[in-house]
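Undergrad:
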Amino acid sequence: MTEVNLPNINKVNEYSTLIEQEPSNCHHYVSRGNIKCSYKDISGAISDYNRAIAIEPNYARAYLNRGAAKFSMDDFNGAMDDYYLSLKINTKYHLAYRNLALVENRLGNFKKAIELFTKAIEIEPKAKYYLERGISRGEIRDSYGAIQDFSKAIEINERCQEAYYQRGLTLLLLEDITSAFDDFLKTVEIDGTFTDGREMLASTQARLNPEVI
Numbered sequence: 001m002t003e004v005n006l007p008n009i010n011k012v013n014e015y016s017t018l019i020e021q022e023p024s025n026c027h028h029y030v031s032r033g034n035i036k037c038s039y040k041d042i043s044g045a046i047s048d049y050n051r052a053i054a055i056e057p058n059y060a061r062a063y064l065n066r067g068a069a070k071f072s073m074d075d076f077n078g079a080m081d082d083y084y085l086s087l088k089i090n091t092k093y094h095l096a097y098r099n100l101a102l103v104e105n106r107l108g109n110f111k112k113a114i115e116l117f118t119k120a121i122e123i124e125p126k127a128k129y130y131l132e133r134g135i136s137r138g139e140i141r142d143s144y145g146a147i148q149d150f151s152k153a154i155e156i157n158e159r160c161q162e163a164y165y166q167r168g169l170t171l172l173l174l175e176d177i178t179s180a181f182d183d184f185l186k187t188v189e190i191d192g193t194f195t196d197g198r199e200m201l202a203s204t205q206a207r208l209n210p211e212v213i
C-alpha cells in the first residue's frame, strides 16, 4: 500500500473544503484528482476527473489527466479514448499527442509513436519530446535519426541528462566509443549520483584505454 504523507492529506482536505464551498468548480476536482494520483489513489482520482467532466464536458485537461490515470493502470484503450477526446476539444493539445505516443510505445507500435511525437513537436518543440521520439527511433534501429533527436533535445536543454545518456548508448551501437565516452562523462558531470551513467563511463573508458597484459 502506498504511504500517504501528511502534506498530501492536507492538500486533499483543502480542496475538499473548496469543493464544499464551490461544488460547481470543475478545477477543484481536477486539482484534487491530481494529488490523489500522486499517491496512487487512482480510482479516487478518476472519480474526481469524472466529476469535473460532468460539470464541464469540454474540459480538455480533465480528459487528459483521466487518460493518464488509466494509463498508469495499464488501461491503454481507456487512456487513448480520453486523449482523443481531449484532442477533439483542443486540436493543438501537444500533451495529448505526446501521451498517445507513450501508449503506442507501450504497445510496441513505435512508428505510430514517432508520428505522434512529431505532431507534439510541431506544436511545442520541447526537449522531452525530442528525447522520447529519439528513444522510439532507436527501437526501430534508426540510430542516426535517434542521435539527431537526442542532439536537438540537448540543443534546447543543455542539461538534459537523459539525452546525453541515450545518445551515448546509440553512439556505442555505432562503435563511436570516443563520442559515447564524452556523452557519458557529461551525464556524470550533470549528476554524479547517476549510477547508470557512471557505469557506462567506466565501461567506455576501459574500451578506450585497455589494460596492457
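Each residue of the sequence shown is one higher than the one before, starting from 1 at the first, in this note's numbering.
From the three backbone atoms N, C-alpha and C, an ideal C-beta is built for every residue, glycine too.
Fair warning: this is a prediction, and the values are worked out from it, not measured in the lab.
Alpha helix (DSSP H) containing residue 22: first to last residue?
TA: First-last for residue 22: undefined, no H or E at that position.
Undergrad: Rounded to whole angstroms, how far is the Cβ of residue 161 from the Cβ of residue 134, which I believe are closer than 8 angstroms?
TA: Contact doesn't hold; Cβ gap of about 14 angstroms is too wide.
Undergrad: Specify, as a first and last residue, the run of the alpha helix (DSSP H) that residue 134 falls within.
TA: That run of the alpha helix (DSSP H) goes 127-139.
Undergrad: How many angstroms separate the CA atom of residue 63 from the CA atom of residue 19?
TA: Looking at the two C-alpha atoms, the distance is approximately 19 angstroms.
Undergrad: Once DSSP output is grouped into helix, strand and coil, what is the label at residue 149?
TA: The answer is helix: DSSP assigns residue 149 an H, G or I state.
Undergrad: Does residue 170 come out as helix, strand or coil in the three-state DSSP assignment?
TA: In this structure, residue 170 counts as helix in the three-state DSSP scheme.
Undergrad: Taking all protein chains shown into account, do 16 or more other C-beta atoms lie within 10 angstroms of the C-beta of residue 193, making it buried, or fewer, making it exposed?
TA: Its Cβ having fewer than 16 others within 10 Å, residue 193 is exposed.
Undergrad: Suppose the cutoff is 8 angstroms on Cβ atoms and the five residues either side in sequence are ignored; what does the same chain contact list for residue 131 look like?
TA: These residues qualify, in order along the chain: 149, 150, 153, 160, 162, 163 and 166.
Undergrad: Can you tell me the Cα-Cα spacing of residue 206 and residue 29, whole angstroms?
TA: For residue 206 and residue 29, the distance between alpha carbons rounds to 54 angstroms.
Undergrad: For a minimum of 4 consecutive residues, which ranges assigned as the alpha helix (DSSP H) are wholly contained in the region 35-116?
TA: DSSP runs (the alpha helix (DSSP H)) wholly in the region 35-116: 42-55, 60-72, 76-89 and 94-106.
Undergrad: Alpha carbons only, please: which of 126, 189, 98 and 143 is nearest the one belonging to residue 114?
TA: Answer by Cα proximity: 98.
Undergrad: Which residues in the same chain as residue 67 place their Cβ atom closer than 6 angstroms to its Cβ, once the five residues preceding and following it in sequence are excluded?
TA: Result list for residue 67: 79, 82 and 83, in chain order.
Undergrad: Which residue marks the beginning of the alpha helix (DSSP H) containing residue 197, and which one marks its end?
TA: Here the alpha helix (DSSP H) through residue 197 covers 195-208.
Undergrad: My output table needs one value for residue 32: the three-state DSSP class, helix, strand or coil.
TA: Residue 32: helix per DSSP, three-state reduction.
Undergrad: Tell me whether residue 13 sits in a helix, a strand or coil according to DSSP, three-state version.
TA: Residue state, collapsed to three classes: helix.
Undergrad: In this structure, how does DSSP classify residue 176 when only helix, strand and coil are distinguished?
TA: Coil.
Undergrad: Less than 8 angstroms separating the beta-carbons of residue 96 and residue 87?
TA: The answer is yes: Cβ separation under 8 angstroms.
Undergrad: Using the Cβ count rule (16 or more neighbours within 10 Å means buried), how would you classify residue 129?
TA: By the neighbour-count rule (16 or more Cβ atoms within 10 Å), residue 129 is buried.
Undergrad: Return the residue from the list 125, 119, 121 and 136 that minimises the CA-CA distance to residue 107.
TA: Residue 136 is the option with its Cα nearest to residue 107.
Undergrad: Measuring straight from C-alpha to C-alpha, what distance separates residue 51 and residue 197?
TA: The straight-line gap from Cα to Cα measures roughly 44 angstroms.
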